[in-house]
Amino acid sequence: MTVTPLAQPRPHAQQGTLTQQRLDPLGALAAWPLAPVVALIVVAYAATSTALQAGQIQHPLLSVLAIVASVAAAGTLVAASRPDHAPFDRPLHLVMVGLAVSAHLLDQAARWGHNTLIQDDFGPLSIGLLLLALAPYRPWREIALSGSVAGAVVAAVTVPQAPFLSIVVPPQIYVIVAVSQVLAPALAGAAYSRRIVRLLLTWQTDARRAMAARTEESRGHVVRAVVEQQWASLGAGVFPLLTGVLDHGEVTRADIIRSG
């Protein structure tokens, strides 16, 4: 009996577009409490940072709008990552990142020309933490790309402020300090997403291979059992009948009745 083997999927062929939430919904469900925690940290950090740097703010309305945008970004993370909303789709990903970047731009506009330090601004780190929280829900490439784009925006608004900052260093240093707060968490989230997807795909491939092997083995047992049963049936009725016909040299009425 010929058994056609199951086609084996390539475990890493589509890992750039897959997520933990799609491959392992229960695992993503277990990770969901981290989203509200990250959202709370982002909102608290934005409010605290703004309050402590109130002397630098020249446009209070823009500062308030920055906090509102930060709260909206955090709220988007919590709402979109809820188990009853799965999956976390790309439009909400873009909305969250857009709100987070907008919060940073509004915050920088509120203190433009009076910002004394880059490292204590809430925008870059908030963006990075929100991207880190996307690890179970979005593909690693999209997380890394979002971090790169957001980092470029942060760098673009950091360089012009170099003359106003209290610490005199080359502008490149300011860019590194600001952008690293975005890229470090974002790339960590992308690395986690890529790693967990690869592990899940490998596990699924191994499980399929084991299932195919067990199926083929079970079929072999079934075939042997059927053959043995057929031989037993033939041995109990058909073979004795044929032997009797050969011995008599003819088919008797008793043989006909026996075969019926």
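Going by the working numbering, the sequence shown opens with residue 1435, and the numbers climb by one from there.
Glycine included, every Cβ here is placed at the ideal spot set by N, Cα and C.
Shortest Cα-Cα distance from Leu1579 to any of Ala1485, Val1531, Ile1610 involves Val1531. In terms of CA proximity to Gly1489, Ala1544 leads the group Ala1586, Pro1594, Ala1544.
Collapsing the DSSP output to three states places Gly1509 in a helix.
Rounded to the nearest whole angstrom, the C-alpha separation of Asp1458 and Leu1528 is 23 Å. Taking C-beta atoms as the reference points, His1548 and Phe1598 count as a pair closer than 8 Å.
The C-beta separation of Thr1592 from Ala1618 comes to about 16 Å, leaving the pair out of contact by the 8 Å criterion.
Judged by DSSP in its simplified three-state form, Ala1543 adopts helix. In this structure, the straight-line span from the alpha carbon of Asp1518 to that of Ala1590 is close to 38 Å. Inter-residue distance for Leu1540 and Ala1508 is about 16 Å (C-alpha atoms, whole angstroms).
The criterion of a C-beta distance shorter than 8 Å is not satisfied by Val1631 and Gln1455.
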